[in-house]
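Take a look at the structure set out below.
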Amino acid sequence: MSRKRVAIIGASGLVGQRFCQLLSNHPFFDEPDLFAWERSGNRKLEEILRVPSNTISDSLLEKHITLMDAGRINSGKYDAIFSAIPSSTDNNIELELLKSGNRIFTNSSTNRMLDTVPIVVPEINSEHMEMFRDQKGYIIANGNCSTIGLAIPLKPLLPLEPEHIEVTTMQALSGAGYPGVPSLDAVSNMVPFIESEEEKIQRELPKVLGALNGNKITPRNIDMGVTCTRIPVREGHTEAISVRFSRNIENEDISGLLSGFRAYPQANRLPSAPSQPIIVSGSEYRPQPELDLWNGTPERARGMAVTVGRIRKTGKYLRFVTLSHNTVRGAAGASVLNAEIAHSRGLL
Ligand SMILES: NC(=O)c1ccc[n+]([C@@H]2O[C@H](COP(=O)([O-])OP(=O)(O)OC[C@H]3O[C@@H](n4cnc5c(N)ncnc54)[C@H](OP(=O)(O)O)[C@@H]3O)[C@@H](O)[C@H]2O)c1
581 MSRKRVAIIG ASGLVGQRFC QLLSNHPFFD EPDLFAWERS GNRKLEEILR
631 VPSNTISDSL LEKHITLMDA GRINSGKYDA IFSAIPSSTD NNIELELLKS
681 GNRIFTNSST NRMLDTVPIV VPEINSEHME MFRDQKGYII ANGNCSTIGL
731 AIPLKPLLPL EPEHIEVTTM QALSGAGYPG VPSLDAVSNM VPFIESEEEK
781 IQRELPKVLG ALNGNKITPR NIDMGVTCTR IPVREGHTEA ISVRFSRNIE
831 NEDISGLLSG FRAYPQANRL PSAPSQPIIV SGSEYRPQPE LDLWNGTPER
881 ARGMAVTVGR IRKTGKYLRF VTLSHNTVRG AAGASVLNAE IAHSRGLL
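Numbers 581 to 928, taken from our numbering, label the letters of the sequence shown in order.
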């Protein structure tokens, strides 16, 4: 496979720096060029570092971040652009880049719900990328970080016919970017509301679990309720999930269904694919962000496994708790794995 030229836009932020980490010495992609805005443009990555320096290659640490100018990123300069720009930028930089034929793997929610933009969770619906089979440029979006942590354990449960899903998230501070939630709101506290988050999960999950017909995605009908909260944890989104099925599920091997789940990234041994996407813990006290945040093997897939625990079955009801790394599995890692899938499908 030929190596690909890549860039990161929003490279200085929390997700952007995870991209720098995950694209260091990548087997498919060349060292990325880095772009950001006025706060970090023209500075060296090393000067603004918020992830441990030993996780990023020396040459990338030394690299200067270029001030973002979509007009200068011409068609053909990069095979893929990884986007970690804010979700409500006044000018739609990603659409501008798309117009000049670029392929964008984004974490921003700005264009996520457009009919022409699939939301791809690598293990769930990578076939949705096929809508771009005859197209040069495209945008492939990640779901919201909590949508991803919810969608992955739901996928192997779909054959049991869920009727209603109820989820309460306990989201990490880093989910709000840098500098994020004011420290006086965060320390020793819990905030029971995150603006727009509940609506995003409710809109996105049906699209992720939907079906591709021609080049249109038909969303899956999902009846669900969502409550999103912010807790004083640095990284790792926890979600308490309750699912009501159409029939009694007490005799179902839920733990086996979840831990045995494999998909396209595992079958194709992609570099950032966790060998086991869902790790089930038997302990009543797991998952915990302090203990399970970095679950996932091999080394390049650390933080890519979703950990599930507290599985309880009562009649038609299943209850469990999940933990996923919001800036890795819920953001940069998911985009890198999506780009690896696109490469392996011949779409890069
Ligand atoms: N944090 C998470 O857990 C998470 C998870 C999933 C998705 N996301 C999404 O990922 C994106 C990045 O999140 P983040 O947490 O990394 O945010 P962040 O820490 O605030 O970083 C934002 C980045 O975008 C750049 N930027 C700011 N204004 C810009 C503009 N007008 N045009 C282009 N670039 C601009 C910033 O550059 P300067 O440093 O120069 O200002 C910085 O590099 C957001 O869309 C967010 O919703 C975040």
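All residues carry an ideal CB built from backbone N, CA and C; glycine is no exception.
The structure presented is a predicted model; accordingly, all values stated were derived computationally and were not measured.
- Secondary structure in the region 768-796: the alpha helix (DSSP H) runs of 4 residues or longer, each lying completely within the stretch, are 777-788 in chain order.
- Looking from the CA of residue 776, the closest CA among 832, 811, 690 and 787 belongs to 690.
- When DSSP states are grouped into helix, strand and coil, residue 810 belongs to the strand group.
- Per the C-alpha coordinates, the member of 899, 582, 906 and 585 positioned closest to residue 744 is 899.
- In chain order, 655, 656, 716 and 717 place their CB closer than 8 angstroms to the CB of residue 681, counting only its own chain and leaving out the 5 sequence neighbours on each side.
- Of the other Cβ atoms in all chains shown, 16 or more fall within 10 Å of the Cβ of residue 867; this residue is therefore buried.
- For residue 898, the secondary structure class from DSSP, reduced to helix, strand or coil, is strand.
- Beta-carbon to beta-carbon, residue 851 and residue 608 are separated by about 7 angstroms, close enough to satisfy the 8 angstroms threshold.
- When C-beta atoms of the region 804-812 are compared with those of the region 742-758, three or more pairs fall below 8 angstroms, so the two segments count as touching.
- Uninterrupted beta strand (DSSP E) stretches at least 3 residues long and entirely within the region 647-735 occur at 660-663, 683-686 and 718-721, given in chain order.
- DSSP links residue 804 through a beta bridge to 745.
- Straight-line measurement puts the Cα of residue 915 at about 27 angstroms from the Cα of residue 835.
- Relative to the Cα of residue 644, the nearest Cα in the group 617, 658 and 664 belongs to 617.
- With 16 or more other Cβ atoms from the protein chains shown falling within 10 Å of its own Cβ, residue 882 counts as buried.
- Taking the Cβ of residue 847 as the reference point, every heavy atom of ligand 1 lies at 8 angstroms or farther away.
- A straight-line Cα-Cα distance of about 17 angstroms links residue 628 and residue 612.
- Per DSSP, residue 598 is one residue of the alpha helix (DSSP H) stretching across 594-602.
- In this structure, the CA atom of residue 825 is about 52 angstroms from the CA atom of residue 639.
- Following the DSSP letters along the chain, one finds residue 627 in no alpha helix (DSSP H), marked with neither H nor E.
- Residue pairing by DSSP puts residue 586 in a beta bridge opposite 660.
- In this structure, residue 902 and residue 821 form a Cβ contact; the two beta carbons are roughly 6 angstroms apart against a cut-off of 8 angstroms.
- Annotation: residue 721 to residue 696 spans about 11 angstroms, alpha carbon to alpha carbon.
- The beta carbon of residue 755 lies closer than 7 angstroms to those of 725, 817 and 906 in the same chain, with the five residues before and after it left out.
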